[in-house]
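Worksheet for the structure shown next.
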Amino acid sequence: MAARSEDGSGPRRRPLYGRSRGKTLRAGQKRLVTEILPTLQIETTALSGAPLFAAEPQAYWLEIGFGAGEHLIEQAKANPEVGLIGCEPFLNGVAAALSGIEREGLTNVRLRRGDAQALVEAAPDAFFSRVFVLYPDPWPKRRHNKRRIVTEAMVAALARIVKPGGEVRFATDVDDYAGWTLRRFLASPCFRWAASGAVDWRTPYPEWRSTRYEVKAHKAGRDSVYFTFVRI
Ligand SMILES: C[S@@+](CC[C@H](N)C(=O)[O-])C[C@H]1O[C@@H](n2cnc3c(N)ncnc32)[C@H](O)[C@@H]1O
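Okay, so the sequence shown: first residue is 1 according to UniProt numbering, each after it adds one.
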């Protein structure tokens, strides 16, 4: 049997996410999920298949665990030449993102409702120019740490699917998760941490749009880190 790493990477990994549904959807949200989601939803294998958009985007960006989609929608609005792929298992979050997509008339977003790990594993080499992992679930109890989305295996998978010169952006308000993530990216020969000069890891990214979890964290008095890992 293949060896499992310290952080649970490897085969037979447990499901990574917690809830996949919350409150009952309102009628408008149900309509979005039944009518709009099927037109935007992609299979894990779609990235290597037929064109995803009417016109070929200049770049593809992925957001893992987009929550209610605030950041995804803003990025799609600000970067119409980019194809944004959002991956999120929580149905209510997907419904909220669909509402934003419809409201803004966005045509450069595709969604995957489910575990990002499967999408990442199926993505072609060097497909994405940018990947966002923003306020991922912290799984703070030690025995649950292995459910974190950032693992040695995930860093290796991101190294495969991010283009040289492309980047992974990781933000969190959880100190322990910040250290955990830094250790794993710094151990990878494929990434360098852009932590000096103009790129300050305590300052939000340019064109940053605060997410729901960031607002919660800051209200509770917790600061954030904003890491950028550049694919070498
Ligand atoms: C703490 S929330 C943060 C949401 C959003 N990024 C924000 O900052 O408001 C973490 C999100 O990651 C999603 N998530 C957890 N595991 C995931 C996985 N394996 N693949 C994709 N999304 C995942 C959860 O459903 C949840 O919406």
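For every residue, glycine included, the Cβ atom is placed at its ideal position computed from N, Cα and C. These figures come from a predicted structure and were not determined experimentally.
Cα separation between residue i and residue j?
i, j, result
"tyrosine 213", "proline 51", "33 Å"
"proline 57", "serine 129", "11 Å"
"glycine 93", "phenylalanine 66", "8 Å"
"leucine 106", "glutamate 81", "11 Å"
"lysine 216", "valine 162", "30 Å"
"leucine 84", "tryptophan 180", "27 Å"
"phenylalanine 127", "proline 140", "32 Å"
"aspartate 137", "phenylalanine 227", "16 Å"
"tyrosine 60", "histidine 144", "32 Å"
"arginine 184", "alanine 54", "37 Å"
"valine 131", "valine 230", "10 Å"
"arginine 19", "glycine 28", "21 Å"
"aspartate 175", "alanine 118", "27 Å"
"glutamate 35", "methionine 154", "33 Å"
"lysine 219", "aspartate 200", "22 Å"
Give a single yes or no on whether residue i has its beta carbon closer than 7 Å to a heavy atom of ligand 1.
i, result
"glycine 67", "yes"
"glutamine 29", "no"
"residue 233", "It is not possible to answer for residue 233, since the shown part of the chain is limited to 1 through 232."
"aspartate 137", "yes"
"glutamine 58", "no"
"phenylalanine 185", "no"
"alanine 116", "yes"
Anyone know if the C-beta pair for residue i and residue j falls short of 8 Å?
i, j, result
"leucine 111", "leucine 158", "no"
"arginine 148", "tyrosine 177", "yes"
"histidine 71", "arginine 209", "yes"
"isoleucine 64", "isoleucine 101", "no"
"aspartate 173", "tyrosine 135", "yes"
"alanine 123", "alanine 97", "no"
"arginine 169", "isoleucine 232", "no"
Contact check, residue i vs residue j under 8 Å by CB: the rounded distance?
i, j, result
"serine 224", "alanine 171", "6 Å"
"glutamate 207", "alanine 78", "6 Å"
"residue 233", "arginine 21", "In the structure as shown, the chain begins at 1 and stops at 232. Residue 233 is therefore absent and cannot be evaluated."
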